[in-house]
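Protein chains: 2
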Amino acid sequence: MPTRGNLPEALVQAGIALLDEDGTEALSLRRIAARAGVSHAAPAHHFGGLPGLKTAMAIRGFQQFQQHLMAARDAVPADAPPFQRLSTVADAYVRFAGMRTGLFQLMFDQLAASDPDLLHTALGSYLLIKELCAPFVDGRPAVAVETAVWSLTHGYAALNLDRPRPSDTQVATSALVDALRLIID
Amino acid sequence: MPTRGNLPEALVQAGIALLDEDGTEALSLRRIAARAGVSHAAPAHHFGGLPGLKTAMAIRGFQQFQQHLMAARDAVPADAPPFQRLSTVADAYVRFAGMRTGLFQLMFDQLAASDPDLLHTALGSYLLIKELCAPFVDGRPAVAVETAVWSLTHGYAALNLDRPRPSDTQVATSALVDALRLIID
DNA sequence: CCCAGAGGGTTTACAATGTCAAGATAAGAT
DNA sequence: ATCTTATCTTGACATTGTAAACCCTCTGGG
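If you're matching them up, the sequences are chains L and Z in order. Be aware that the first sequence starts at 1, since it is given in full-length UniProt numbering, and climbs by one per residue. Be aware that the second sequence starts at 1, since it is given in full-length UniProt numbering, and climbs by one per residue.
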């Protein structure tokens, strides 16, 4: 379905779908274009080239990422202890990386390219982590706690990318929760 | 200098040099072969193809990585507190990632491919971290502490890949050291 | 002495990729 | 009605990884 009238949107969706289904190495400009039902040169007109399309996909990825984390945060009861909320979101972080490996890698690859729009979108996820860390900054500088939590979670996710996690068990990331506890209190 | 008589070695060296000088996107089988002074089909004879050559490069990368970490460890005085030794090596970890970004990315990309030789080589670096963590496992399970330190350090390195660090200042990674302290004691 | 075979490299060919230039097509504006 | 502009296609090109066929050069057995 070519989705005429909104080709950029269709291309981003096709690219992410291709990434989810066939992995990073199967991603190519021509395949994305074919999937969106247009010629291989069409993407250049909207994104300049493959790099541009990839950053657009990364931006969309960070939006979905933040949405995923927020859903996890909102799923924990309002009267639950703050640490449970933090660890649940961290678990969601790792789970996202495990379930959507290709997109996750693309996101943080492109992040190094320092596109302003991309950075702005990624900031949203950071602010979410920041908010969850707030209850745990006692006298310490907030940035230190946030960096610790963010780095720990991201490192855990990155190092376990080869082991995709099932979507039902919480046990998989218990080591991460333990490590978070070490940092927090 | 074609380095006749040991082409596999020459190819790995050429590939890593290309990675260090021109970055990930400039890495190609044909360029590596040209740099080693052979035809573009020669690598296939020894490594089967580009994937094989890349895992060989990743193995060499982990060897250099471990060597880099060990050098940092041995540079701190023998009577220094264990935490200083740990934080110094963690600093070296981040510095390696910042200075040799392309190789670092390749290493952990290929790690997901689960090549036995590569895993065995990478294990050496893990054992080094493990050894440095030993003084800090009080009653806690050792694996938890190691995973925490390793994940935190790796995450910090990965998230700061775009900001290459100067080789002289220790200040850059003070946030990491603070976070490590949070974990350790 | 010679020559058969094998390992190491080259040459050639091929399909796939990203990018660019030129053209086609349709919708609006003047 | 004609011009313009955005959108997309077509065609071409250089570069890439891979595979097959060929060619050297050395070594070991007769």
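A virtual CB, placed ideally from N, CA and C, is assigned to each residue, including glycine. Computed from a prediction, not measured in an experiment: that's the story for all the values here.
CB-CB under 6 Å to residue i, same chain, minus the five flanking residues each way: which ones, in chain order?
i                 : result
Gly124 of chain L : Gln66
Gly61 of chain Z  : Leu103 and Met107
Pro2 of chain Z   : Bear in mind that the predicted position of Pro2 of chain Z carries a pLDDT of just 41, short of 50, making it unreliable; the figure below should be weighed with that in mind. Around Pro2 of chain Z: Gly37.
Pro116 of chain L : none
Have a look at residue i and residue j and give me their C-alpha separation to the nearest angstrom.
i                 : j                 : result
Glu9 of chain Z   : Ala33 of chain Z  : 12 Å
Ser174 of chain L : Tyr156 of chain L : 11 Å
Ala17 of chain L  : Leu159 of chain L : 24 Å
His68 of chain Z  : Asp74 of chain L  : 44 Å
Arg181 of chain L : Gln84 of chain L  : 10 Å
Ser114 of chain L : Arg31 of chain Z  : 27 Å
Val149 of chain L : Gly48 of chain Z  : 42 Å
His120 of chain Z : Leu50 of chain Z  : 21 Å
Ala72 of chain L  : Ala78 of chain L  : 12 Å
Met70 of chain L  : Leu128 of chain L : 8 Å
Asp22 of chain L  : Ala80 of chain L  : 39 Å
Can you check whether the CB of residue j is closer than 9 Å to the CB of residue i?
i                 : j                 : result
Gln13 of chain L  : Ala36 of chain L  : yes
Pro135 of chain Z : Pro82 of chain Z  : yes
Asp20 of chain Z  : Gly102 of chain Z : yes
Leu152 of chain Z : Ile183 of chain Z : yes
Ile46 of chain L  : Leu11 of chain L  : Before going further, note that residue 46 of chain L is His rather than Ile in the sequence given. The answer is yes: Cβ separation under 9 Å.
Ser87 of chain L  : Leu176 of chain L : yes
Pro43 of chain L  : Leu29 of chain L  : yes
Quick check on residue i - is its C-beta less than 9 Å from some C-beta in chain L?
i                 : result
His46 of chain Z  : no
Ala14 of chain Z  : no
Thr147 of chain Z : yes
His154 of chain Z : yes
Ile59 of chain Z  : no
Ala175 of chain Z : yes
Ile183 of chain Z : yes
Ala112 of chain Z : yes
Ala92 of chain Z  : no
Ser151 of chain Z : yes
Quick one: is residue i near chain Z, going by C-beta distance under 9 Å?
i                 : result
Thr55 of chain L  : no
Leu108 of chain L : The sequence as given places Phe at residue 108 of chain L; Leu does not occur at that position. Cβ-Cβ to chain Z under 9 Å: yes for Phe108 of chain L.
Asp162 of chain L : yes
Gly49 of chain L  : no
Leu132 of chain L : no
Val137 of chain L : no
Leu159 of chain L : yes
Ala144 of chain L : yes
Spatial neighbours of residue i within its chain, please: CB distance less than 7 Å, with the 5 preceding and 5 following residues excluded, ordered by chain position.
i                 : result
Phe96 of chain L  : Phe65, His68 and Phe104
Ala122 of chain Z : Phe62 and Leu111
Kindly list the residues whose CB is nearer than 8 Å to the CB of residue i, restricted to its own chain and excluding five residues on each side of it in sequence; keep chain order.
i                 : result
Leu161 of chain L : Ala97, Gly98, Thr101, Phe104 and Gln105
Leu118 of chain L : Thr55, Ala58, Ile59, Phe62, Gln110 and Leu111
*asked:* Would the stretch 106-114 of chain Z count as touching the stretch 48-59 of chain Z if we require 3 or more Cβ pairs under 8 Å?
replied: yes
*Is it a yes or a no for the stretch 82-97 of chain Z touching the stretch 138-148 of chain Z, going by three-plus beta-carbon pairs under 8 Å?*
no
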